[in-house]
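Novice: So the sequence lines, in the order shown, correspond to chains Z and P.
All residue numbers for the first sequence refer to our numbering, where the first residue is 2 and numbers rise by one.
All residue numbers for the second sequence refer to our numbering, where the first residue is 2 and numbers rise by one.
Protein chains: 2
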Amino acid sequence: MNIGEIAKRAGVSRSTVSYALSGKRPVSAATVRRINDVIAELGYRPNASARALAEGRTRTFGLVIPPASSRLTDVQLGFVASVVEAAAVHDHDVLLSPSGGDHDRSFDRVVTGRRVDGVILMEILLHDPRVDRLTSTGLPFVTIGHVEDPAASWWVDVDYGSLIGRCVRHLADLGHRDIVLINRSAELVASGYGPAVRATEAFLESAAARGVTAHDVCCADDPAAGLACFEQIRSRWPEVTAAVTINEAALPGVQRALHRAGLDVPRDFSLTGVIADRLAEDFHPPLTAADVPAGEMARLAVELLLEQIADGPAMARHALLAPPITLRSSTGARLSG
Amino acid sequence: MNIGEIAKRAGVSRSTVSYALSGKRPVSAATVRRINDVIAELGYRPNASARALAEGRTRTFGLVIPPASSRLTDVQLGFVASVVEAAAVHDHDVLLSPSGGDHDRSFDRVVTGRRVDGVILMEILLHDPRVDRLTSTGLPFVTIGHVEDPAASWWVDVDYGSLIGRCVRHLADLGHRDIVLINRSAELVASGYGPAVRATEAFLESAAARGVTAHDVCCADDPAAGLACFEQIRSRWPEVTAAVTINEAALPGVQRALHRAGLDVPRDFSLTGVIADRLAEDFHPPLTAADVPAGEMARLAVELLLEQIADGPAMARHALLAPPITLRSSTGARLSG
DNA sequence: GGCAATCATCGAACCGGTTCGATTTTCGAG
DNA sequence: CTCGAAAATCGAACCGGTTCGATGATTGCC
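1) On the DSSP bridge list, what partners appear for Z:H98?
2) Counting only C-beta atoms, is P:E202 closer than 8 Å to chain Z at any point?
3) Just checking my contact of P:R329 with P:P286 at CB under 8 Å: how many whole Å lie between their CB atoms?
4) Do Z:L54 and P:A51 have their C-beta atoms within less than 8 Å of each other?
5) Count the C-beta pairs between the stretch 86-95 of chain Z and the stretch 141-154 of chain Z that are closer than 8 Å, then say yes if the count reaches three, no if not.
6) Which runs of the beta strand (DSSP E) fall wholly inside the stretch 198-225 of chain P and span at least 3 residues, in chain order?
7) Show which residues of chain Z have a CB atom less than 8 Å away from the CB atom of P:N48.
8) Against P:P99, what residues of chain Z qualify as contacts under a CB-to-CB distance less than 9 Å, listed in chain order?
9) Mind checking if P:T59 is an interface residue toward chain Z, Cβ cutoff 8 Å exclusive?
10) For Z:V266, which residues from the same chain have a beta carbon less than 7 Å from its beta carbon, with the 5 sequence-adjacent residues on both sides left out?
11) By the three-class DSSP mapping on this structure, what secondary structure does P:S271 have?
12) From P:G296, P:L307, P:A277 and P:M298, pick the residue whose C-alpha is nearest to that of P:L288; which is it?
13) Excluding five sequence neighbours on each side, which residues of the same chain lie with their C-beta closer than 8 Å to the C-beta of Z:M316?
14) In the DSSP output, which residue or residues are listed as bridge partners for Z:A244?
15) Should Z:D94 be flagged as near chain P, meaning a C-beta pair shorter than 8 Å?
16) Quick check on this structure: which residue in Z:V132, Z:D150 and Z:A250 has the alpha carbon closest to the alpha carbon of Z:A226?
17) So, with DSSP's three-state summary, where would you put Z:D160?
18) Establish whether the CB of P:P224 and some CB of chain Z are separated by less than 8 Å.
19) Closest Cβ-Cβ distance between P:D283 and chain Z: below 8 Å?
20) Tell me which residue opens and which closes the alpha helix (DSSP H) that P:F284 is part of.
21) Taking its Cβ as the centre, do 16 or more other Cβ atoms sit within 10 Å of P:R34, making it buried, or is it exposed?
22) Flag Z:R257 as yes if its beta-carbon sits less than 8 Å from any beta-carbon of chain P, otherwise no.
23) Determine whether the beta carbon atoms of Z:A302 and Z:I121 lie at a separation below 8 Å.
24) Quick one, are the C-beta atoms of P:D179 and P:T201 less than 8 Å apart?
25) Taking Cβ-Cβ distances shorter than 9 Å, what residues in chain Z pair up with P:P196?
26) With respect to the alpha helix (DSSP H) encompassing Z:I4, which residues constitute its N-terminal and C-terminal limits?
27) Less than 8 Å separating the beta-carbons of P:F80 and P:M123?
28) Below 8 Å between beta carbons: does that hold for P:L280 and P:L252?
29) Name, please, each residue of chain P whose Cβ falls closer than 8 Å to the Cβ of Z:V111.
30) Just mark Z:Q233 as buried or exposed, buried being the case when its beta carbon has 16 or more other beta carbons within 10 Å.
31) Look at P:S100 and P:R131 and say whether their C-beta atoms are less than 8 Å apart.
32) Quick check: is the beta carbon of Z:A51 nearer than 8 Å to any beta carbon in chain P?
33) Would you mind giving the Cβ-Cβ distance between P:L322 and P:V159, rounded to the nearest angstrom? I have them listed as a contact below 8 Å.
34) Residues of chain P with a CB under 7 Å from the CB of Z:P253: which are they?
35) Under three-state DSSP, which class holds Z:V39?
36) Could you run through the stretch 302-330 of chain Z and flag, in chain order, every residue whose CB is less than 8 Å away from some CB of chain P?
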């Protein structure tokens, strides 16, 4: 069922059918109706590959995700789904590609075979080889999180620095004098993962600015690590009365550790950070936190990508989101004494 | 940088380059080397759309996921990533399509535009309109979960019935006489969602076979509902000493309710069910449960799909997985008295 | 009624691969 | 040295769309 068949049955040429469907040249109303009737009757849909070949664009985005082996967090997951929906709004599809590990073949296929018009890269590092590969191919791309030189490329990011600063000041305002940052894994920090690095910097800086004693610890992305990490914090710095975290995956473990230690939140201990809203609400008690706006980031990323595809390599644009802290009930005034 | 350019620089015809790359006809070693040199120098990769058009296949699968609005569970998420990896093993890519809600345009684009060679459908209902649409297009597809007539189509599923049966017998062996099934949401059950329906049947049947008193309740897919649901169970049937569940999302709430009620697991109350292994291990204490093997299901689904694409509409094949129950520490003997 | 401008439609080229039949080259046997 | 078969390569058609320049049919105007 191809365009030639439709043309034959409608008694017109192939080009007329094409113009009737695209509207790129006027076609008489009578002819359009005849063509539409035939199409409806035969259930014709244009072949996407042929169209992509002729137009030189695929109407498809590539979305590069972390490999399955490293478990996706709730935020990341929500982001994937949101990207697909945002792309659908613009009649685009999304091709998934795991990367890292030994998935470079997949990355290659997606990136170099003109399979996609542009790429969205999740979880990038400050120095990311994939960014270099993309840059050298000339394929438009938008990163989630930014690379070392922010002006060099297109990106959408959460302003971890300013959010962590807000969390610290919030705790300082409540009277806390000894606080800790529960960061993501030591490997991530060492490999230059932007959010983790910037969170650390902002944490230490804003604590210093308020004269608060600050400690920071790395913690692997799973509940068991969260539990161990929190118990270590209690034994090393028993004076700590509040924690800030960007490690969602560790939260269940932290919660268990709090419970074991007999600490009530927020009476005995305050907890806040940058956390997906669903997770924050599922916590007991609900977490006061800066909610990561995954849906909006996805929308922005898709829009930036479309812009870049349309305008060519114009000046890079960015979006830095700093959602407000949502006050729930996991932070409270430090008990004096 | 197309095949014609490569041919010109290597001093051969386009077809020779094509044969050199595909190996479908013999090409002299000297020529192959010359072509490879040119390709390496110019960094050529064949255009995927052109190849798809000529070959009549895209080397791409469609993966239909639930819409983002309904939050994906951990199991589902792991499944998506695993499908992508399994497809990559066979040099295929994965195109994502949300469905349900008002995402039918996306489903349409993926399904009817010859964009994919086959489709994997997640979360299907016993009567699923999408299955009918796919059947009528003739596009190969594999469902995760099965439709009413199991012989009619290709699918991979977890044998919820037999797993739930095992859980019930396990509890009966430990001496429990009053047990409850915490099912998924009432809407899902009402809409004929296979796992929920079959879990209910198997639960009641196997309990009856062992002379155990059985209750079953539906519970929405979130922690708050889990908490409310468990408190309701305690007040309606205080004699219940063990629960079986297939509702992962409700687990945190169930855990909280157990804690509030001052019940120790497994001393005072036993808990088991069909749960993703990561979740089961994160629970406190780790859950004795039948682990849903998302990775293996993904691998099987991809293999069945490839088989179906290769063999055409041969006799439908299926895979019904019944992973063993992993004994952890959330079930124990009923205290006599 | 003739002429130009406008509208609708057509035919052919093109996108970049694959594939088939035909042609040229190579090589061994007689 | 010749002939025929096998090996290597070529040229053209094809996949199913889009797009451009050209052609034929209407229409308005003088």
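All C-beta atoms in this analysis are idealised placements derived from N, C-alpha and C, irrespective of residue type, glycine included.
Specialist: Working from what's here:
1) Reading off the sequence shown, one finds Ser at residue 98 of chain Z, where the question assumed His. DSSP lists Z:V65 as partners of Z:S98.
2) no
3) 7 Å
4) yes
5) no
6) 214-218
7) L54, G114 and R115
8) A82, V85, E86 and A89
9) P:T59 counts as touching chain Z.
10) If we look at Z:V266 and ignore the five residues flanking it on each side, its Cβ neighbours are L259, L272, P286 and S331.
11) Looking at P:S271 - three-state DSSP - the assignment turns out to be strand.
12) P:A277
13) none
14) Paired residue(s): Z:V181 and Z:L272.
15) For Z:D94, the answer is yes, since a Cβ of chain P falls inside 8 Å of its Cβ.
16) Z:A250
17) coil
18) For P:P224, the nearest beta carbon of chain Z is closer than 8 Å to its own beta carbon.
19) yes
20) From DSSP, P:F284 is part of no alpha helix (DSSP H); its letter is neither H nor E.
21) exposed
22) yes
23) yes
24) no
25) What P:P196 touches in chain Z: nothing, since even the nearest Cβ is about 21 Å away.
26) Where Z:I4 is concerned, the enclosing alpha helix (DSSP H) stretches over I4 to A11.
27) One thing to note: P:F80 has its Cβ within 8 Å of the Cβ of P:M123.
28) Yes; because the gap between Cβ atoms is below 8 Å, this pair is in contact.
29) In chain order, D94 make up the part of chain P whose C-beta sits under 8 Å from the C-beta of Z:V111.
30) exposed
31) yes
32) Chain P places a beta carbon closer than 8 Å to that of Z:A51, counting this residue as a contact.
33) 5 Å
34) The answer, in chain order, is D283.
35) helix
36) none
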